[in-house]
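Q:
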Amino acid sequence: MYQKITLIGNLGKDPEMKYLANGTPLTNLNVATNNTYTNQQGEQVKETMWFRVSVFGKQAETVSQYLSKGKPVYIEGRLRGDPQTGGPRIYTRQDGTTGASFDVTASVVKFLPSGQRGESAPSGEAGAGAEVPEEDIPF
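So in the numbering used here, spot 24 of the sequence shown is number 27, and the numbers just go up one at a time.
(1) Would you check if the region 67 to 74 and the region 41 to 50 touch, i.e. whether three or more CB-CB distances between them fall below 8 Å?
(2) Counting contacts by CB-CB distance shorter than 8 Å, is Y94 in contact with chain B?
(3) Helix, strand or coil, according to DSSP, for E64 in the structure here?
(4) I'd like to check one pair, V34 with G12: are the Cβ atoms closer than 8 Å?
(5) Measure the alpha-carbon distance for M164 versus T100 and round it to whole angstroms.
(6) Mind checking which residues open and close the beta strand (DSSP E) that includes P28?
Rendered as C-alpha cells:
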C-alpha cells in the first residue's frame, strides 16, 4: 500500500526546529492551504485547511534556515492520523468554533516564489503560492 499527499500553501508561523534524542534534526511547520469556490446560492466561500508538517534530517535544517511566516511552500509527504482517533486533530478556535488540522511527514519541501518584488526563490524551485491565510493559527 502507498499514500502520498501534495500541498501548496503558506506558513502560518515561523518554523520550529529541534533535535531528537538521537541527534536527528526535526523542523515543524504549520501550513495553510486555501480554496475558494462559489456555492449554490452564488456566494463565494473561502476554505482554509491547516496541516502540521514534520521535516527530518538535513532538509529540516535547510527549511528552518530559509523559510519564515507567510512564505509559500510546496510539500510532498505522507498523511498521519491522530493516534487517538485516526482522523485529523480537532481543536477549538479562539472564537469558540471547532476546527481540524492534519499531520504530514514531509519527504520533499520546495521553496516557492512569494510573488513580491525584490524577492526570488532559490534556483531550481518553481511554482505558485497561495494567498496568506487570514484566520488564526490553530496550534
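Where a beta carbon is used, it is the ideal one built from N, C-alpha and C, also for glycine.
A: In short:
(1) Segments in contact, no.
(2) In the structure shown, chain B cannot be found, because there is only a single protein chain.
(3) Numbered from 1 along the sequence shown, position 61 holds the residue referred to as residue 64. Helix.
(4) Position 9 of the sequence shown holds residue 12. Position 31 of the sequence shown holds residue 34. Yes, they are a contact pair.
(5) Missing from the structure shown is residue 164; the chain here goes from 4 to 142 and no further.
(6) Position 25 of the sequence shown, counted from the start, is the residue given in the question as residue 28. 28 to 41 is the span of the beta strand (DSSP E), which, as asked, contains P28.
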